[in-house]
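Student:
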Amino acid sequence: MNTTAPRLWIKNPLAVFTANDLDAGGGLVVCGDRIAELVPAGGQPLQPCEEVYDAGRHVLLPGLINTHHHFYQTLTRAWGPAADVPLFPWLQNLYPVWARLTPDALELAVEVALAELLLSGCTTAADHHYLFPDGLQDAVDIEASVVRRMGMRATLTRGSMTLGEDDGGLPPRSTVQRADVVLADSERLIRAHHEAGPGAVVQIALAPCSPFSVTSEVMVESAALAERHDVRLHTHLAETLDEEDFCREKYGLRTVDYLESVGWLGDRTWLGHGIHFDDAEIARLGAAGTAVAHCPTSNMRLASGTARVLDLEAAGVPVGLGVDGSASNDASNMILEARQALYLQRLRYGADVPVTRALGWATRGSAAVLGRTDIGQLAPGMQADLAMFALDGLRFSGSHDPLAALLLCGADRADRVMVGGVWRVVDGAVPDLDVDALTARHSEAARRLVAG
Ligand SMILES: [Zn+2]
């Protein structure tokens with residue numbers, strides 16, 4: 106910790122959620138990039154503070170953490186041919202459009218996705234990028250540069266598709282790569298961008314796309330590579346019953362058996378969706394410490410099913426939240442995703458699922474999913490990643506419990522967001538970001554991409 110940096114007391118928030126049982130009713134002190142101390146309700150900081158920010162209008166949370174996204178999909182939001190279909194035809198309609206992705210369009214897409222996330226209180230995002238058409242070999246490098254420019258944190262996953270239509274897979278041949286190309290580039294990206302340890306800004310993980318779009322070979326080799334470099338593994342699993350049928354027909358295995366057969370059933374792995382598991386599979390995932398990114402909006406939009414989040418957690422599975430790609434959500438809004446998770450899980454388990462449990466998934470749970478111990482809660486020594494929501498405006502008028510109001514009244518925009526001790530959202534806006542210009546350029550790129 107930089108002890109010579111000025112100390113900033115974020116003082117007396119309206120309400121605070123620490124994601125642990127520590128008391129920060131009087132706010133917290135930020136010094137350098139970390140939280141120096143929590144101030145109990147009615148208390149004062151232990152040491153003098155050079156700066157004070159009065160948080161009396163704000164609900165204070167750890168920065169929200171998004172564990173599953175496809176940033177590039179902001180270019181294909183609410184597109185007619187993918188608006189009202191389930192996963193497999195949705196993918197088959199979109200693959201040819203996505204195959205035309207260019208570096209300029211991707212850069213705009215990442216900027217839009219990150220700005221949206223940031224404005225919703227998100228400070229760390231995972232992205233799953235698996236499209237590398239000719240000319241876009243440096244897609245993940247582009248993503249890393251935008252993440253650094255925006256001042257957020259990200260786990261960027263080097264996705265891959267290696268099983269084309271000709272070989273019994275789902276994606277067209279034009280979108281798949283050879284396994285040796287995927288593996289060499291995976292290793293290059295780890296060496297170029299992966300940061301280990303507290304305060305990491307960019308981390309790399311390896312992410313063959315799904316059982317129906319990659320060969321077993323690339324799954325096995327990716328696991329070995331991840332082990333060698335101590336990075337995480339990510340894939341889509343058990344999202345739909347179509348996928349389960351595919352695994353049975355192609356491999357003669359259910360999804361978790363397939364995962365185990367390729368060496369992925371371990372605590373290095375987190376799975377996008379994780380819906381269609383039976384009791385025995387949930388127990389095996391829990392025993393292995395394999396994590397799940399719950400994506401409620403996408404799961405409802407594509408009618409994929411409902412993840413058994415409380416059962417997963419009871420079995421020991423770390424669970425976090427993901428907004429999923431913007432062609433199946435179609436918003437990159439983490440605080441609204443926590444609301445969706447709360448309501449979907451209440452529908453499954455009952456109205457006594459607490460608001461704070463959903464906030465826990467979006468913070469501490471998501472940090473565990475990404476294998477991070479330096480973010481996701483408010484505690485001394487943790488990174489100063491904070492989301493602050495002002496309960497102003499019509500939608501909050503007449504509300505009583507500020508923490509409950511955040512989700513029940515549908516907060517959708519943070520007023521202040523800090524990442525590593527630096528304010529990245531001020532008065533509900535990203536300083537120096539021309540949102541109108543970005544929107545105009547991104548919309549034009551989206552029109553061009555779809556038009557072909
Ligand atoms: Zn996804």
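The opening position of the sequence shown corresponds to residue 106 in our numbering, with each subsequent residue numbered one higher.
Glycine included, every Cβ here is placed at the ideal spot set by N, Cα and C.
#1: Check the DSSP bridge columns for P145 and list the partner residues they point to.
#2: For ligand 1, is there a heavy atom less than 7 Å away from the beta-carbon of G430?
#3: Quick one, which of L196, D126 and L496 has its alpha-carbon nearest L407's?
#4: Return yes when the C-beta of H173 is under 7 Å from any heavy atom of ligand 1, and no when it is not.
#5: Which of the three DSSP states is assigned to F494 in this structure?
#6: Out of V252, A516, C154 and L452, state which residue places its alpha-carbon closest to the alpha-carbon of N438.
#7: Excluding the five sequence neighbours on either side, which residues of its own chain have a C-beta within less than 8 Å of the C-beta of V540, listed in chain order?
#8: Select from D347, A388 and P459 the residue whose C-alpha is nearest the C-alpha of R444.
#9: What is the rounded straight-line gap between the Cα of E365 and the Cα of T320?
#10: Buried or exposed for H505, please, with buried defined as at least 16 other CB atoms from any protein chain shown within 10 angstroms of its CB.
#11: For the putative contact between A183 and D372, defined by C-beta atoms under 8 Å, what is the C-beta separation to the nearest angstrom?
#12: Between the alpha carbons of I115 and V217, how many angstroms are there, rounded?
#13: What does DSSP give as the partner residues of W114 in its beta bridges?
#14: Can you find a heavy atom of ligand 1 that lies under 7 Å from the Cβ of H233?
#15: Does DSSP put D285 in a helix, a strand or coil?
#16: Rounded C-beta distance between V164 and A120? I'm assuming under 8 Å.
#17: Please report the straight-line C-alpha distance between M493 and P118, rounded to a whole angstrom.
#18: How should R529 be labelled, buried or exposed, when 16 other C-beta atoms within 10 angstroms of its C-beta is the threshold for buried?
#19: For I247, which three-state DSSP category applies?
#20: Pairs of beta-carbons, one from the region 253-271 and one from the region 301-313, closer than 8 Å: are there three or more?
#21: Take T276 as the anchor and find which of Q242, H378, D243 and L236 has the nearest alpha-carbon.
#22: Would you mind giving the Cβ-Cβ distance between M257 and T228, rounded to the nearest angstrom? I have them listed as a contact below 8 Å.
#23: Could you name each continuous alpha helix (DSSP H) segment of 4 residues or more that falls completely within the region 389-454, going from the start of the chain to the end?
#24: Indicate, with yes or no, if ligand 1 has a heavy atom lying under 7 Å from the CB of H163.
#25: Does the contact criterion of 3 or more C-beta pairs under 8 Å hold for the region 139-150 versus the region 396-412?
#26: Take the Cβ of Q178 as the centre, count every other Cβ of all protein chains shown within 10 Å, and call the residue buried at 16 or more, exposed below.
#27: Give me the DSSP bridge partner(s) of A120.
#28: Please look up how many angstroms separate the CB atoms of E322 and A284, rounded, as I've assumed it's under 8 Å.
#29: In terms of DSSP beta bridges, what is A312 paired with?
#30: Just reading off the alpha helix (DSSP H) that D232 is part of, what are its end residues?
#31: For L511, which of helix, strand or coil comes out of DSSP?
#32: Counting only the same chain and skipping the five closest in sequence on each side, list residues whose C-beta sits under 7 Å from that of V527.
#33: Using a threshold of 7 Å, is the CB atom of G377 nearer than that to any non-hydrogen atom of ligand 1?
#34: Quick one: give me the first and last residue of the beta strand (DSSP E) that R469 is part of.
#35: By DSSP, does R546 sit in helix, in strand, or in coil?
#36: Compare the C-alpha of S225 against each of D209, I170 and S250 and name the closest.
Tutor: Here's the rundown:
#1: In the sequence shown, counting from the first residue as 1, residue 145 sits at position 40. Bridge partners of P145: none, in fact.
#2: Taking the first residue of the sequence shown as 1, we reach residue 430 at position 325. Correct: G430 has its Cβ closer than 7 Å to ligand 1.
#3: Within the sequence shown, numbered from 1, the residue matching residue 407 stands at position 302. Among L196, D126 and L496, the Cα nearest to that of L407 is on L196.
#4: What you label residue 173 is simply residue 68 of the sequence shown in a count that begins at 1. Yes.
#5: To locate residue 494, count along the sequence shown from 1; it is residue 389. Three-state DSSP puts F494 in a strand.
#6: Start at 1 with the first residue of the sequence shown, and residue 438 comes out as number 333. Looking at the Cα atoms, A516 is the closest of the given residues.
#7: Here residue 540 refers to the residue found at position 435 when the sequence shown is read from its first residue. These residues qualify, in order along the chain: A220 and A534.
#8: Here residue 444 refers to the residue found at position 339 when the sequence shown is read from its first residue. That would be P459, whose Cα lies nearest to the Cα of R444.
#9: Stepping through the sequence shown from its first residue, residue 365 is reached at position 260. Stepping through the sequence shown from its first residue, residue 320 is reached at position 215. Using only the alpha carbons, I get a separation of about 15 Å.
#10: If you number the sequence shown from 1, residue 505 lands on position 400. Result: exposed.
#11: To locate residue 183, count along the sequence shown from 1; it is residue 78. To locate residue 372, count along the sequence shown from 1; it is residue 267. Going by Cβ atoms, the distance from A183 to D372 rounds to 37 Å, so no, they are not a contact pair.
#12: Within the sequence shown, numbered from 1, the residue matching residue 115 stands at position 10. Within the sequence shown, numbered from 1, the residue matching residue 217 stands at position 112. Cα-Cα distance, rounded: 29 Å.
#13: The count along the sequence shown starts at 1 and reaches residue 114 at position 9. Bridge partners of W114: V134 and V157.
#14: Walking along the sequence shown from the start, residue 233 turns up at place 128. Under cutoff, so the answer is yes.
#15: Residue 285 sits at position 180 when you count from the first residue of the sequence shown. D285: helix per DSSP, three-state reduction.
#16: Taking the sequence shown and counting its residues from 1, the one referred to as residue 164 is at position 59. Taking the sequence shown and counting its residues from 1, the one referred to as residue 120 is at position 15. Yes, V164 and A120 are in contact; Cβ-Cβ is about 5 Å, under 8 Å.
#17: The residue you call residue 493 lines up with position 388 of the sequence shown. The residue you call residue 118 lines up with position 13 of the sequence shown. The straight-line gap from Cα to Cα measures roughly 9 Å.
#18: Taking the sequence shown and counting its residues from 1, the one referred to as residue 529 is at position 424. Classification of R529: buried, given that the 10 Å Cβ count is 16 or more.
#19: Along the sequence shown, one-based indexing puts residue 247 at 142. If DSSP states are grouped into helix, strand and coil, I247 belongs with the helices.
#20: Cβ pair count under 8 Å is three or more, so yes.
#21: Taking the sequence shown and counting its residues from 1, the one referred to as residue 276 is at position 171. Sequence inspection shows Pro at residue 276; the Thr mentioned does not correspond to that position. Minimum Cα distance to P276 is reached at L236.
#22: Translated into the one-based positions of the sequence shown, residue 257 becomes position 152. Translated into the one-based positions of the sequence shown, residue 228 becomes position 123. Rounded, the Cβ-Cβ distance is 6 Å, consistent with contact.
#23: 401-406, 414-419 and 439-454
#24: Within the sequence shown, the letter at position 58 stands for residue 163. Every heavy atom of ligand 1 is 7 Å or more from the Cβ of H163, so no.
#25: no
#26: The residue labelled residue 178 in the question sits at position 73 within the sequence shown. Q178 should be labelled buried.
#27: Numbered from its first residue, the sequence shown carries residue 120 at position 15. Paired residue(s): V164.
#28: As a first step, residue 322 must be located in the sequence shown, where it is residue number 217. As a first step, residue 284 must be located in the sequence shown, where it is residue number 179. With 8 Å as the limit, E322 and A284 qualify as a contact, their Cβ atoms being about 5 Å apart.
#29: For the purposes of this step, residue 312 is taken as residue 207 along the sequence shown, with counting starting at 1. BP columns for A312 point to G264.
#30: The count along the sequence shown starts at 1 and reaches residue 232 at position 127. Counting along the chain, D232 falls outside any alpha helix (DSSP H), though it belongs to the beta strand (DSSP E) covering C227 to H234.
#31: As a first step, residue 511 is located in the sequence shown; it is residue number 406 there, counting from the start. Helix, per DSSP.
#32: Indexing the sequence shown from 1 puts residue 527 at position 422. Excluding positions up to five away in sequence, the list reads G256.
#33: One-based indexing of the sequence shown puts residue 377 at position 272. Yes, the Cβ of G377 comes within 7 Å of a heavy atom of ligand 1.
#34: The sequence position of residue 469 within the sequence shown is 364, counting from 1. Careful: R469 lies outside any beta strand (DSSP E) and carries neither H nor E.
#35: Taking the sequence shown and counting its residues from 1, the one referred to as residue 546 is at position 441. R546 falls in the helix class under three-state DSSP.
#36: Your numbering for residue 225 matches position 120 in the sequence shown. Taking only the C-alpha atoms, the option nearest S225 is I170.
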